[in-house]
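Counting from 23, one number per residue, gives the positions in the sequence shown under my numbering.
See below for the structure under consideration.
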Amino acid sequence: FYLAPGDYHRVHSPCGYSVNMRKYIDGVFFSVSEKTLIKRKKVYEKNARLCLHGQWKEGYMSMIMVGALNVGRIIVNEGMNYEKGDELGYFNLGSTIVMLFETKGIKKWIKKEGDKVRYG
């Protein structure tokens, strides 16, 4: 999920989520715009990021909050267990969230690539 400067910058749990491990990986702060991603390889791997690894009802889930140009701070709230909609943290300006998760029982997605995701 790409968060442009005009977007809402708080990150909420999309489901019930138990975080088992948090890991900060230091790095640079390249832009994460689509234009930059086409020109510059491995931006997500080189940028600073905060990884939350854990479990949801379908299995493993990881949320990776990627720092970017002008986004030097990623704030994560205390706690390890979250209900759907709970705030996990926020970015200082904008950036990207990469999500990896198992989907044992899910056969159809509600959102498609390019759709906006709105909170509330």
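Even for Gly, the Cβ is constructed at its ideal location relative to N, Cα and C.
- Is the stretch 97 to 104 in contact with the stretch 49 to 67, if contact means three or more CB pairs nearer than 8 Å? No, because fewer than three Cβ pairs between the stretch 97 to 104 and the stretch 49 to 67 fall closer than 8 Å, the two stretches do not touch.
- Query: Can you tell which of F123, E56, V33 has its C-alpha closest to the C-alpha of S84?
  - Reply: Closest option to S84, Cα to Cα, is F123.
- Message: With three or more beta-carbon pairs closer than 8 Å as the criterion, would you say the stretch 110 to 118 touches the stretch 24 to 36?
- Response: Using a C-beta cut-off of 8 Å, the stretch 110 to 118 makes contact with the stretch 24 to 36, since at least three inter-stretch Cβ pairs fall below that distance.
- Query: Exposed or buried, what is M102 when buried is set at 16 or more other beta-carbons lying within 10 Å of its beta-carbon?
  - Reply: Looking at its Cβ environment, which holds fewer than 16 other Cβ atoms inside 10 Å, M102 is exposed.
- Item | Three-state secondary structure (DSSP) of K130 | DSSP places K130 in coil when its eight states are reduced to three.
- Task: Measure the alpha-carbon distance for M121 versus V139 and round it to whole angstroms.
- Result: C-alpha separation (whole angstroms): 14 Å.
- Query: Contact check, V41 vs G76 under 8 Å by CB: the rounded distance?
  - Reply: 4 Å between Cβ atoms; contact.
- Message: Less than 7 Å between the beta carbons of S55 and Y104, yes or no?
- Response: It is not a contact, given that the beta carbons lie outside the stated cut-off.
- Compute the beta-carbon to beta-carbon distance between K126 and E67, rounded to the nearest angstrom, for a pair I have assumed lies under 8 Å. Going by Cβ atoms, the distance from K126 to E67 rounds to 28 Å, so no, they are not a contact pair.
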